[in-house]
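S.K.: Pasting in a structure now, in structure tokens, and then I'll have a few things to ask.
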Amino acid sequence: MINAAAALGGGILLKQKFDDLGQDINKLGLPKLRRKTGKNGDSFRLSVRVVAASIPALPKPGYWSRQRPRLEVALDKVKKETELADYSEGSAAEGGGACACECPWRFGDTLTFIVNLKDVLGPGFKLRLTAISDVFLGPVQLQLSQVAEVGEARVDLRTRALPGCVPARRRPGRAESWDSPVLLIPLAHVRGGLVCQDQELGNAVAHVALAFSADADPDCIIEAAEAETRSVADVLQGHADSMKRWLQKPMELGRVLRSPGRQSDASPRDSEVSQVRTPSSPSTCDALRTLSPRGCERAACRANSRNGNIPVLEGPLLDPEQSPDGWISRKGRDGRVFWHHRQLGPAPWEEAL
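Mapped onto our numbering, the consecutive letters of the sequence shown carry residue numbers 2 to 354.
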């Protein structure tokens with residue numbers, strides 16, 4: 002009996018000590034390990050050019066009535082729609098493009114969205130195709146309020162829209178852009194939607210020809226999106242794989258065992274060693290950063306103050322496409338991209354060291 006009472010009292014005392022210890026630890030405010038999240042303020046413009054559509058369920062326009070399609074494109078809570086399409090059975094030479102024969106319904110609308118990393122990681126664009134009925138009474142055209150559903154589709158930004166965008170040809174006075182070729186997007190049947198008589202189960206009820214255009218580098222955007230979804234274990238595994246590949250490469254002992262005073266004999270291999278030994282944080286996507294109005298004013302003031310302190314270079318700087326090392330960029334309010342090279346000192350949007 003005495004032993005049981007002693008055990009009970011000891012357990013209560015031990016629990017109280019652990020509770021006090023836990024409170025002391027919480028008061029210390031020890032740091033917690035978690036993955037760094039991206040900023041939703043980093044955004045870019047993504048335009049969707051609706052070229053044409055193929056809708057077997059819609060007949061050719063008649064003399065008395067017709068049905069014309071309209072496409073709605075939604076990104077998160079933002080919805081935009083095109084004008085009613087026109088029917089034209091022309092060739093590619095008549096302005097219909099490569100899909101003129103297969104897609105007789107012509108749109109020609111361009112819908113622009115402001116996209117951030119949250120949207121890139123999300124489900125993407127939602128396409129909704131509908132048909133509006135028109136009735137002709139002599140010279141009078143009546144547009145009825147009857148709307149018929151045709152089909153829906155999803156366009157993933159990471160795997161479908163952005164990977165096809167390539168640098169467009171630069172034109173004077175035009176902002177830099179990355180454009181994609183025309184892509185055919187199949188639309189699935191929805192309940193109560195229009196279908197043709199020979200429609201097979203599982204096949205697309207319509208196809209829409211779309212072309213995408215971004216004002217930021219798609220490779221950089223996809224890389225930033227992948228960094229957001231990468232776990233801590235994946236990051237550590239990537240560093241371990243890089244170290245393993247580096248250790249497996251042959252190394253010249255004559256260059257590694259050089260004298261300490263001969264620092265000028267450093268080779269690219271030595272710089273690789275220093276890069277492996279020095280931990281670095283993941284690089285952020287500069288193309289997604291847009292200067293605020295206040296940031297533009299500060300950058301202009303810094304550029305004026307540093308006008309006489311620009312270092313003299315030995316030769317001309319190569320184009321960023323030929324030699325990207327050292328080049329950084331920021332996007333202005335009007336979509337214009339400003340480039341700066343590190344050899345010229347700090348950028349106007351950076352504080353001087």
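No residue lacks a Cβ here, since even glycine has one placed at the ideal position from N, Cα and C.
1) Excluding five sequence neighbours on each side, which residues of the same chain lie with their C-beta closer than 6 Å to the C-beta of T38?
2) Taking the alpha helix (DSSP H) that P294 falls in, what are its first and last residues?
3) Using a Cβ-Cβ cutoff of less than 8 Å, which residues in the same chain neighbour A226 once the five nearest sequence positions on both sides are dropped?
4) Give the secondary structure of R155 by DSSP, where H, G and I count as helix, E and B as strand, and everything else as coil.
5) Quick one: give me the first and last residue of the alpha helix (DSSP H) that E227 is part of.
6) Give the C-beta separation of K81 and L112 to the nearest angstrom, bearing in mind that I take them to be a contact with Cβ-Cβ under 8 Å.
7) Below 8 Å, how does it come out for the segment 210-228 and the segment 188-195: are there three or more Cβ pairs, yes or no?
8) Cβ of V151 within 7 Å of Cβ of A207?
9) Where S272 and T83 are concerned, what is the direct C-alpha to C-alpha distance, given to the nearest angstrom?
10) Quick one: residues in its chain with C-beta nearer than 6 Å to the C-beta of P349, no 5 flanking neighbours on either side, listed in chain order?
11) Between E201, S48, E315, which lies nearest to D110 when the distance is taken from Cα to Cα?
12) What residue ranges within the segment 51-130 form continuous alpha helix (DSSP H) runs of no fewer than 4 residues, ordered along the chain?
13) Please look up how many angstroms separate the CB atoms of L202 and L128, rounded, as I've assumed it's under 8 Å.
14) Residue range of the alpha helix (DSSP H) that R246 falls in?
15) Below 6 Å CB to CB, which residues in the same chain sit around R343 once its five sequence neighbours on both sides are set aside?
16) For V183 and R50, what's the separation of their Cα atoms in angstroms?
17) Taking buried to mean at least 16 other C-beta atoms within 10 Å of its own C-beta, is Q68 buried or exposed?
18) Expressed to the nearest angstrom, what Euclidean distance is found between the alpha-carbon atoms of A162 and E315?
19) For Q147, which of helix, strand or coil comes out of DSSP?
20) Check each candidate in S293, G296, V136, L237 and name the one with the smallest Cα separation from G63.
21) Looking at the structure shown, is A162 part of a helix, part of a strand, or coil, going by DSSP?
22) I need the DSSP call for V338, collapsed to helix, strand or coil.
23) Quick one, which of Q249, E322, L345 has its alpha-carbon nearest N310's?
24) Please report the straight-line C-alpha distance between D218 and P105, rounded to a whole angstrom.
25) Thinking just about the alpha-carbon of each residue, which of D320, S306, R337 is nearest to the one in E351?
M.R.: Reading off the structure:
1) Residue placement at T38 is poorly supported in this model, since its pLDDT is 41, which falls under 50; the coordinates still yield a value, given next. Excluding sequence neighbours, T38 sits near nothing in its chain.
2) 294-306
3) L118, V121, L122, R159
4) strand
5) 219-230
6) 4 Å
7) no
8) yes
9) Annotation note: pLDDT 47 at S272 (below 50); position unreliable, coordinate value reported separately. Distance between the alpha carbons of S272 and T83 is about 54 Å.
10) A300, R303, A304
11) S48
12) 118-122
13) The pair is not a contact, with the Cβ atoms about 21 Å apart (cut-off 8 Å).
14) 233-249
15) G327
16) 9 Å
17) buried
18) 42 Å
19) strand
20) V136
21) helix
22) strand
23) L345
24) 33 Å
25) S306
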